[in-house]
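Residue numbers (the working numbering): 0 to 70. All remarks here apply to the structure that follows.
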Amino acid sequence: MKKYKILFIGNSYTYYNEMPETIFAGIAEDAGYNFTVRSLTKGGWDLVRSGSADDELGALVDMELKGTKYD
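Below, the structure is given as structure tokens:
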């Protein structure tokens, strides 16, 4: 069975509601998927900053995407 690599990028709505680790993981496991989940989240973060290498966390996103192949 293929093991999927999933990256969540988001803000506090993603982090505080535990979407990657609880909601998504529960749905994916119930559907029979094998996966690992990684999250890069921060309160108040927006899509522009997450895509900017000039932003500290945006640079982490850039490095993560260059270093790991995600599905």
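Note that the Cβ used here is the ideal one computed from N, Cα and C, for glycine as well. Predicted model only: the values in this text are computed from it and were never measured.
Could you tell me the alpha carbon to alpha carbon distance between residue i and residue j, rounded to whole angstroms?
i	j	result
Pro19	Phe7	7 Å
Lys41	Gly31	29 Å
Ser49	Glu63	12 Å
Leu56	Leu39	8 Å
Gly43	Phe23	21 Å
Ser51	Leu59	10 Å
Val84	Ala27	Residue 84 cannot be examined here, being either before or after the span of the chain that is shown, 0 to 70.
With DSSP as the reference, label residue i as helix, strand or coil.
i	result
Ser51	coil
Gly42	coil
Leu9	Before going on, a small fix: residue 9 reads as Gly here, not Leu. Here Gly9 sits in strand by DSSP.
Lys65	helix
Determine the burial state of residue i: buried for a count of at least 16 other Cβ atoms within 10 Å of its Cβ, exposed for fewer.
i	result
Thr13	buried
Gly9	buried
Tell me the residue span of the alpha helix (DSSP H) that contains residue i.
i	result
Ile26	24-29
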